[in-house]
Each structure stands twice: as C-alpha cells, then as structure tokens.
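Chains as they are written, first to last, in my numbering: chain A, 192 to 512; chain B, 2 to 566; chain C, 1046 to 1301.
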C-alpha cells in the first residue's frame, strides 16, 4: 500500500480534518505521504510531519494560490501516476470534493465519499459509509487502484506523533492543462466569524427556529462563550437571515463532530442530523416533547429555552470562576 | 352538553362557486374533465379512452385535450388510502379482454379468511358474516393500483395532471362549466410569494367529480344543485400501517370488539383489518365510526393499542413499519346517497357519491363501475346532436347505475350502519337480521344523525393508550413523517375551524386528528379555549369535516405522499 | 445560449438498499432530485434573460421520464434521457463517462447540476464531468451571472463566499439557496407531453460496454450493516431545575 493524503490549508494552517485523515492513514499504512498544493506553502509541509507523514510533496506555484480545484487535479494526477500511489485520501470539503471528483475522472479511478471509517479487511481497504439518512451503513470498496476516498470531516482527530519530525520534503513541478486554469478567483470574501470555527470547536451551541426571533441568538452566544465553544445554526434560521451561513450545520452546511453539541430550539430534521450526529455528546433543549432530536440526544430537556439557557449559562460561569 | 355542530366553521359553499374569469384565450379547454385520480376518476378516463379509440369521429368533438384528470396529490396515489381487498368484478367489466387481473398490481387472491371477536386478552374466532366473505377477491394497495390505472389512462390518451387542486366549481348559466384550480406559492396569510403561480380556469363539456371521501367540490355541488339525499352523510376514520414482516401471513383477518368499547353510550362502531401484501408485507388498520362521543378517542392510538394484542403482535413480530396513512370512509350508505348523481354538465362518482358497502367493507369496485358508467354517459351526451349540459341530459347515468350490482348491493345493506348506533350487540343482531332478509328487515329507512350532532363527553380513555416505543407503537408525528408529508410550514391554512370552542371540543379534535394538526391551548378548565392549527401536518383524511370543521383542498402537490397504502 | 441541466431521478418509495444486489432499491416510484429543481430554475431564468434554449439531460431507468417531464413542465425546451440496462449500477466515473458523451453531442454553453444527489448524497459528479469535457467548473454556486462570454458564480465554502469567473462553455453546480423554484403552470404540465423528448441507449451515444454500468465502475459495495447504536437517551421535563441537571450531566462527563 502506498497512501497519499491531500492536505488542505486555509490561511497559514493545514486544516484539522486533513490532519485527522493523515493520522488515520498512518495507522493503515507504514509509508504515508502528504501533499500540499498552493502558493507560499512550503512552510506547511513541516506541520504535516508532526502528524506522521514520512514525506510531503509540495507544489508551490502561483497557479495554485486560489482554492480552485482543477489545477490541483492536474498536480495530483501527475503525482499519483509518477509515484504509483494506490490510495489517495481527502478530508471532505467544498474544495476537496471537487478535486477528488475531477481526479477520479482523470485517472479513471474509483471514488467513495462521505466515509466515516476506513479499515483493512482481509488485505483490502474498506470504507464505511452511512446512507439513507444514516439508517444503514454501507461497506464500500474498490475493484483496483488508485483508490480515492473522501472522509467525512471530523471523523478522525489529528494525533501528533513527533515534536521534531524528520519529514522528507519533495518539490513538485506540475503541468497544468489550459482548461484547468480557465476559472479564476475574482474575489475571496471570507466571512470571518468570531470565536473558533465550528468545525474545529470542541463545544458547539446551536440555535434553531425554536429561538423564536433572531435577537434570541444572544442566549446561544452567551452560553457558547461561557463554555468556550462556537455558535452554530440550522438551515432554517440561516435561510431566514438570522445567522450567517458559515455557521450552518447540516446536509447543506457543515458536518461537525464536537465533543459536546447543545441544540437549542432545534427540531432535529434529518437534514440537520446528518451534520451533527458525529458529536460526542448531544444535549437538546426544546419545548416540543415530540421533536425528533430527542431520539438521538444523550440528554433531552423538554422546556422553554428562554428559562433554561440563561440559567445554564450562569451555572457554567459560576463553575469556571 | 357540547356538540361539534354547534360550533360551525367559517365556511359557505358559495365561496367556491364562480363563473369562469380567465379571458377565453387563456382558459384551458378540455372535453371531459375528471377531478380526482382515484379508482373512479381513472376508470372514467380509461373507459373514455376506449370509446374514443373506437369512435374517432366523436374524438374530434372532444377537442385537443379530450380527457384530463386533475389530482391534488404530488403524484397519482399520493392521497389514496384503503384496506384493501378488492372485488375484481368492476375491473373485469372495465377492461374486458384488454387486461387480465393477473396483469394488475395485486398481492394475489384471498386464500383464507378469519374473523375474530377480541377482548384485551383473547381472540374468539367467529364465523365469517356472509357480507364479509372475500372468495375471489384480491389484496391491493389502492395507491399502487391507481398508479397502474393512471398509466392505462395515459396510454389511452388522457392527460393526468397531478399537483393540481380543483378549488372552485365553475358554474355559468345554471350549468357546470369546469373548475378553477388552486393558486400555488402563497404564504401563510395568503400573500403571493416570489414563485406565486395563479390557478387556471379549466373548462369542459362535462365535468366528472371523482374526489373520493369528503370531496370538496362534491360538497359544493350537492348544495348548489340541491342534490343532498334524504339522510345526511356520515363517516368513519381509518388509520392503517404497512409493515415489512419476517413471516408471511396466509389469510385476511378482520376483528371486532376490543379496543373499541361496546357500550351504547360510546357509539364506537368499527373494527380492524389485517391483510397480507405478498410474502413479506402486511397491512394492519383500524376503522372507527366518527359518530363516537368520547373526546379522548384517537383512532391512531387505538390502532397502536390493537397492535399490542397478541394476535396482532405475533404477526408483526420482528418486522418494521414502512407505511402509514389515514382516511375517512363515507358510511351513510344507500340512504345518505345524493338524490341525483348528475346536474347540468356534472356527474358524481365513487366515494364522493357515497357508494360504499359498509358491511362488506368495499367501495373500490363501485367507484370503478360508477366511473365507467360516467364515461359512457358523458360519451353519449357528446355525440352529434346532443347537448351535455341541458337539465336531464346526463340522467341516463343514474338510470344505468340503478341497473347494476352497485345499486342492488347498496340497497340490500341500506340500514346496516345506522343499526350500530344502537350499540354493538343490538346493532350486531340487527345487522344479522338484515343480512338474512336481504335488507327487507327492518322495513323503511333508518334515520341518521350527523357525526357532528353527537354530544361529547370525556373519559380517561387516553390514559390507557400505549406509550409509543418506536418499535411496535408509534406517535403521531413520526407517522406523519412516514406518510411522506413534506408540506411547507408557510403554506396557507386550508382548514376551517372555529378557533375558540369549549375545551371538550378542542380536546376531541386534538385526539381525533391522526396527524396532530389541532392543539387545545391553555385556558379555563371548563371555559372556552383557543385551538391552534398546524395545517402543514395535515394528511387530508377529512375527519375534521365530519366532526364540525371544514377541510379545503390544500396547495396542489402538498400533503402526504402515500405509496403503499 | 444553450443550457443543459443534468437531472437525476431519485427513488422515493421504500428508501432501502436491496440486500441482494446491494444497490439502492429503484423499483418504486421516483421523483426529480430536489436539488436539481434549482438548477432547472436557474437555467430557465438565464434563458428568460438572455434567450436560448434549455435541454434536460438525465441518465436513469425508464421511470426517469417522470423527472424529465417535471423539468419540461417548468419550462425546459427539450429532453435527452439515456436509459440502458447496461448503465445500471454505475459509479461516479462510469456515470461521468456517459453524461460527458451525451453532453458532448449536445454542445451546450453551460451545463448546470444541482449541488447534491438526494439519494446517494454524492456531490462530486460535476467535477468529474467537467474534467471529461475539459471545461472549467464552479461548484456550490449561490449566485450566478453571465456577461461577455463569461459566467461568474458566487460559491459557498466553509470559510464564506468566493466569487469565481470562467469562460463559457463551463460546468456549474448550483446550491439550493440560489433561487426559489417556480411551480409548473397547468399549461406547462399539459404542454410537457408534446415537447421533444429523446430516449437513447448507450450504443446510440457511441459508447461501448465496459465504460459504464457495473463493468465500468471501480467501486463496489461489499456489505450492509446497522448503524452503531447510540447510548441510552435521557429525557427530562424542565421543572425549574433542568439547568442544574444539564450541568451535573456535563460535569459527570468532564465537559464543564
């Protein structure tokens, strides 16, 4: 087995989900390589070593500056062919999904997506994919290599293995197709949200339509602050303009898996469930006793969140001080 | 004493009668317009297709769109629920040698049948009453059967138009000219949204109402043309589930008795059915007359309770619930039928016309037969030299229906349902006597009271409903979810009820509704309370219309999306 | 401008995976993938603004005709349905091979996809098709405009919104936040029947066996299993002390 992990970065950091996949890969394969594609990203290669990469390929090119998929497909296709990687792993993201889809077509390779685990079974690699609203788990495999996989973000935690890693860094000189450079980034308007990003947060407090009004998000924000966590929102309230899109959890938003997820006024439709059910512990507060979220909460509180949440915030603050 | 009828909804049939309003060039003009893609409407469309194929010269008189069928559900079958054990007689008459019963989506013929009288702990097998015998009948999902029928109708040239509610009856110069379809894309307070799409006038030479139980325009037409029968219509509410099971069931089962109470004051008339659907599925349902009086009665919860009986539990053991649905059934029978089934330019068919044989638990074959006869009447009325819309031009429909088995059957069992208002045992004895005397006993026609006329009382019945465990027993919301209902929350309210009523009545609605649409809000213990309505949960069973409210057609394409019911 | 919209017919009925074939049970009724309706709407808007035509392209069983018809009822001009027993069980690359061949023959200026398949949760097909077609791709598009031979899309990502531009012809995947799809008018529904609808087999597209279907697929489904059980759930009613109970619960688990 020879495994390559696509290491996505944002700003000057490798993303946690990518490092989690890298850590997982080192448990399946002795010899795991990472690849960083961007502009001015050579320094990031060192970071990858800490999480077990034996070798990191770096393509440091202006064509790779913007987070666009197609030049990355070119770079990866060349690398996978030259070095005969049989497995290429991605932590799923908007960018990674497009890169993986394009790479699968380019290499004529099999791609399995939305995996929540990877295991070796009788010498072959098997991915676990929850399907049909997570009511069934499907074991998926590949007929032959290269085997491409997109892993649900947050499935694996990064495990640091070495403080001072000895990582081998190799530069790549990718060839780009004309059509791959046709799309250009006009404007990269990142909506910076306060506090930790929800995908990296250990604690998430999320609000839904049950809050009743946008100003009630204040209750959620205060609780999140007390717990040192991030604020998330459901599709319904993001659509209604109560909270920014970057905080949306669910099928069309982000998938998160914090240690603690507190759902306030969220009914828990399947679209929301798929984005947060990987959470370690789920606490739900809702006044509707029949809300579906209670079916998959560890602790469900039937009650008025206007009473419960401020009290909870106060108690958490007391404990911390 | 609280009677639902004393708190009528804000509703008048006149709101739903209009003259065509679209400019002539924008109207959609069809030959025969059929409202409702159930067995009656589709049989009508199929028969018209056959007749037009045989007679191309008549087809020209029907226009560019000879036959159109409007269906308010997302697809054909989306709003259909039935047992169902189907008597194939009317299908044979409809298709003759064009299709065999074996080609239709049936789950096979009934092989064995059993009838039980239940108590909470025991099941006493009793002889099958003659009216309930099912030799030669076939098990079906009406939703599936109708999808097949719609394919046949479409192959015969009919336009099947789902996601389209018929909202107003177009009447002009004393004759029915067609219908106006409902608007789409309105908000909660009826304000037009960005994707607002107004309804259209659909005009036709003949309009056939095949809306089924609680037909909206059927009710409007009965009033507008003074067609009501001598007795008011009454209804039952049926709730059923479809299960995937481990062991095949080899028989159809009916039960009487538990969990319904026999005492006369309760007026709990009904029973359950358990039918095999092939080797790996079973359907189980419970039907209860809506003239019941206890505000705590919930057919959905009684069905859950029924499943805990060991007779039923054994059948479902290790299985999984895969479908759920609820629908009312017109049970007034012969004496509650409209006095005429036609008006100028209009024909009434199927359940909408009350063609249901309550003791036999059958109506689908009457719907099909009435649809077939409606097609023949409409076709004949559109021949050269005839005018379909003059008074009496469609009278041959009533005559032909009177000469078929439909009329004979219904007349024979005409007082059966009314007898059960006298309590289970008395009613049972009278039903036996009626059966033995082919309807000649008791003489005359029994009087029916409206379901909404029954005074309510409240017991503690609900405290004994089983707590939903998510395996065998389920709550209402998860059931609505399983019905496929994806109605948007901001759709306009299509349910009319008086919103401040005595607590007892509000509670009755809350319990009655299988889809958790009504909620009695807090208020004084014995005073009036507010009723909160969540219309997006509604599965359009029609129970509210029987019990003091009014169900109107919702936005086309909304409501449940039944597949297997 | 010619716009092709790729629509998928997704099963609605039983939502189960057939244990024998390990494929999604597509025997029951299906419907147009709800995400694709937004792509149809966006194509119709572009056509209304700029003129041109909208062609619906779908690959699926014969029943996919229903989904195609829905798009035609909304206002698309014509449809191409690729239906072939040999295409059943196609994975990503096998599907992309077929769609790319069909799209090549249609030669549209823009190809639109919905952002996700409602049945398989897949969100990668456009990238594969764009690669096969050698065209630029923009995904997750929440806002789209066309000017001067270029298409500009605002994309939702984990970090906010990007604006990306690409020369036409291009491939785009639109998010369901991009528009509110129209309801088909009754005239539209009735007119859909008479619009040009072609059904083609793989050989009519010039494709040989082996590039699609199970044979052309590189991924396999090995087994099905139940999801891991969650721990017991505790449900309490707030009697004024719920906040204390939550804190206790979290403290026991060292989360506060």
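Even glycine gets a Cβ: it sits at the ideal position worked out from N, Cα and C.
This one's a predicted model, so the numbers in the text were calculated from it and none came from an experiment.
(message) Using only CA atoms, which one of A:490, A:343, A:414 and A:448 lies nearest to residue 511 (chain A)?
(response) By one-based count along the first chain, residue 511 (chain A) stands at place 320. Nearest option by C-alpha distance: A:414.
(request) Have a look at residue 225 (chain A) and residue 234 (chain A) and give me their C-alpha separation to the nearest angstrom. (result) Residue numbering aside, residue 225 (chain A) sits at position 34 when the first chain is read from its first letter. Residue numbering aside, residue 234 (chain A) sits at position 43 when the first chain is read from its first letter. A direct Cα-Cα distance of roughly 13 Å separates residue 225 (chain A) from residue 234 (chain A).
(request) Quick one: measure Cβ to Cβ for residue 285 (chain B) and residue 241 (chain B), integer angstroms, because I've assumed they're closer than 8 Å. (result) Taking the first residue of the second chain as 1, we reach residue 285 (chain B) at position 284. Taking the first residue of the second chain as 1, we reach residue 241 (chain B) at position 240. Contact holds; Cβ gap of about 7 Å.
(request) Return the first residue and the last residue of the beta strand (DSSP E) that residue 301 (chain B) is part of. (result) Numbered from 1 along the second chain, position 300 holds the residue referred to as residue 301 (chain B). Note, residue 301 (chain B): premise wrong, no beta strand (DSSP E); alpha helix (DSSP H) at 300-308.
(message) Give me the residue from C:1122, C:1111, C:1117 and C:1125 with the minimum Cα distance to residue 75 (chain B).
(response) By 1-based counting over the second chain, the position of residue 75 (chain B) is 74. The option with the nearest alpha carbon to residue 75 (chain B) is C:1111.
(message) Does the contact criterion of 3 or more C-beta pairs under 8 Å hold for the stretch 265-283 of chain A versus the stretch 1217-1227 of chain C?
(response) Segments in contact, no.
(request) Whole angstroms is fine: what's the gap from residue 295 (chain A)'s alpha carbon to residue 283 (chain A)'s? (result) By one-based count along the first chain, residue 295 (chain A) stands at place 104. By one-based count along the first chain, residue 283 (chain A) stands at place 92. Linking residue 295 (chain A) to residue 283 (chain A) through their CA atoms gives a straight-line distance of about 14 Å.
(request) State the beta-bridge partners of residue 1046 (chain C) as determined by DSSP. (result) Walking along the third chain from the start, residue 1046 (chain C) turns up at place 1. DSSP lists no bridge partner for residue 1046 (chain C).
(request) Please list, in chain order, all residues of the same chain as residue 480 (chain A) whose beta carbon is under 8 Å from its beta carbon, the five residues on each side excluded. (result) One-based indexing of the first chain puts residue 480 (chain A) at position 289. The answer, listed in chain order, is 493.
(message) I'd like to know if the stretch 350-357 of chain B and the stretch 203-217 of chain B are in contact, where contact means that at least 3 CB-CB pairs between them fall below 8 Å.
(response) With contact defined as three or more Cβ pairs closer than 8 Å, the stretch 350-357 of chain B and the stretch 203-217 of chain B are in contact.
(message) For a quick check, are the C-beta atoms of residue 337 (chain A) and residue 328 (chain A) less than 7 Å apart?
(response) Walking along the first chain from the start, residue 337 (chain A) turns up at place 146. Walking along the first chain from the start, residue 328 (chain A) turns up at place 137. It is not a contact, given that the beta carbons lie outside the stated cut-off.
(message) Using beta carbons (cut-off 7 Å, strictly below), is residue 198 (chain B) in contact with chain C?
(response) By one-based count along the second chain, residue 198 (chain B) stands at place 197. Chain C, which has a Cβ nearer than 7 Å to the Cβ of residue 198 (chain B), makes this yes.
(request) Return the residue from the list A:485, A:447, A:278 and A:290 that minimises the CA-CA distance to residue 318 (chain A). (result) Taking the first chain and counting its residues from 1, one reaches residue 318 (chain A) at position 127. Considering only alpha carbons, the answer is A:278.
(message) Using DSSP's beta-bridge definition, name the partner residues of residue 455 (chain A).
(response) Counting from one through the first chain, the residue named residue 455 (chain A) turns up at place 264. Answer by DSSP bridge pairing, in chain order: A:398 and A:476.
(request) Could you tell me the distance, in whole angstroms, from the CA atom of residue 257 (chain B) to the CA atom of residue 560 (chain B)? (result) Translated into positions along the second chain, residue 257 (chain B) becomes position 256. Translated into positions along the second chain, residue 560 (chain B) becomes position 559. Looking at the two C-alpha atoms, the distance is approximately 31 Å.
(message) When you compare the CB positions of residue 42 (chain B) and residue 70 (chain B), do they come within less than 7 Å of one another, or not?
(response) Position 41 of the second chain, counted from the start, is the residue given in the question as residue 42 (chain B). Position 69 of the second chain, counted from the start, is the residue given in the question as residue 70 (chain B). Yes, the pair counts as a contact, with Cβ atoms nearer than the cut-off.
(request) For residue 609 (chain B), name the three-state secondary structure that DSSP assigns. (result) In the structure displayed, chain B extends from 2 to 566; residue 609 (chain B) sits before or after that span and is not available.
(message) I want to see whether chain C comes within less than 7 Å of residue 185 (chain B), judged by CB atoms only; does it?
(response) Numbered from its first residue, the second chain carries residue 185 (chain B) at position 184. Taking CB atoms only, residue 185 (chain B) has a neighbour in chain C less than 7 Å away.
(message) Does the structure place the stretch 1077-1097 of chain C close enough to the stretch 1199-1206 of chain C that three or more beta carbon pairs sit under 8 Å?
(response) Counting C-beta pairs closer than 8 Å gives fewer than three between the stretch 1199-1206 of chain C and the stretch 1077-1097 of chain C, which falls short of the contact rule.
(message) At the 7 Å Cβ level, is residue 1 (chain B) part of the contact set with chain A, yes or no?
(response) Missing from the structure shown is residue 1 (chain B); chain B here goes from 2 to 566 and no further.
(message) Can you list, in chain order, the residues of its chain with a C-beta nearer than 6 Å to that of residue 1 (chain B)? Leave out the 5 residues immediately preceding and following it.
(response) Only positions 2 to 566 of chain B appear in the structure, and residue 1 (chain B) is not among them; the question remains open.
(message) Quick check: what's the CA-CA separation for residue 219 (chain B) versus residue 398 (chain B)?
(response) Within the second chain, residue 219 (chain B) is the residue found at index 218, counting from 1. Within the second chain, residue 398 (chain B) is the residue found at index 397, counting from 1. Going by the C-alpha atoms only, they are around 16 Å apart.
(request) Taking only the alpha-carbon atoms, compute the straight-line gap between residue 301 (chain A) and residue 376 (chain A) and give it to the nearest angstrom. (result) For the purposes of this step, residue 301 (chain A) is identified with residue 110 of the first chain, where counting begins at 1. For the purposes of this step, residue 376 (chain A) is identified with residue 185 of the first chain, where counting begins at 1. Rounded to whole angstroms, the gap between the alpha carbons of residue 301 (chain A) and residue 376 (chain A) is 29 Å.
(message) At the 7 Å Cβ level, is residue 1058 (chain C) part of the contact set with chain B, yes or no?
(response) Reading the third chain from its first residue, position 13 is the one you call residue 1058 (chain C). Low local confidence applies: a pLDDT of 48 at residue 1058 (chain C) is under 50, so the model's placement there is unreliable, and no value is given.
(message) When you compare the CB of residue 477 (chain A) with every CB in chain B, is at least one pair closer than 7 Å?
(response) Mapped onto the first chain, residue 477 (chain A) falls at position 286. So, not an interface residue.
(request) Tell me where the alpha helix (DSSP H) around residue 412 (chain B) begins and ends. (result) Taking the first residue of the second chain as position 1, residue 412 (chain B) is located at position 411. Here the alpha helix (DSSP H) through residue 412 (chain B) covers 406-413.
(message) By alpha-carbon positions, which one of B:456, B:510, B:396 and B:323 ends up nearest to residue 480 (chain B)?
(response) Position 479 of the second chain holds residue 480 (chain B). Ranked by how close their Cα comes to the Cα of residue 480 (chain B), the residues B:456, B:510, B:396 and B:323 have B:323 in first place.
(message) Against residue 481 (chain A), what residues of chain B qualify as contacts under a CB-to-CB distance less than 7 Å, listed in chain order?
(response) Taking the first chain and counting its residues from 1, the one referred to as residue 481 (chain A) is at position 290. Correct list: 476 and 478.
(message) Just list the residues that DSSP pairs residue 276 (chain B) with in beta bridges.
(response) Within the second chain, residue 276 (chain B) is the residue found at index 275, counting from 1. Its beta-bridge partners are B:284.
(message) If distances are taken between C-alpha atoms only, which option among B:100, B:354, B:182 and B:128 comes closest to residue 342 (chain B)?
(response) The residue you call residue 342 (chain B) lines up with position 341 of the second chain. Taking only the C-alpha atoms, the option nearest residue 342 (chain B) is B:354.
(request) Could you check which residue in A:285, A:430 and A:396 has the C-alpha nearest to that of residue 419 (chain A)? (result) For the purposes of this step, residue 419 (chain A) is taken as the residue at position 228 of the first chain. Among A:285, A:430 and A:396, the Cα nearest to that of residue 419 (chain A) is on A:396.
(request) Can you say whether residue 250 (chain B) is buried or exposed, counting buried as having 16 or more other CB atoms within 10 angstroms of its CB? (result) Residue 250 (chain B) sits at position 249 when you count from the first residue of the second chain. Classification for residue 250 (chain B): buried.
(message) Please identify, using Cβ separations under 8 Å, the residues of the stretch 1215-1244 of chain C that lie next to chain B, in order along the chain.
(response) Of all residues in the stretch 1215-1244 of chain C, 1225, 1226, 1227, 1228, 1229, 1230, 1231, 1232, 1234, 1235 and 1238 have a Cβ within less than 8 Å of some Cβ in chain B.
(message) Report the CB separation of residue 316 (chain A) from residue 309 (chain A) in whole angstroms; it is logged as a contact under 8 Å.
(response) Against the first chain, residue 316 (chain A) aligns to sequence position 125. Against the first chain, residue 309 (chain A) aligns to sequence position 118. The beta carbons of residue 316 (chain A) and residue 309 (chain A) sit about 6 Å from each other, so the pair counts as a contact at 8 Å.
(request) Using three-state DSSP, classify residue 62 (chain B) as helix, strand or coil. (result) Here residue 62 (chain B) corresponds to residue number 61 of the second chain, with the count starting at 1. DSSP places residue 62 (chain B) in the helix class (H, G or I) of the three-state scheme.
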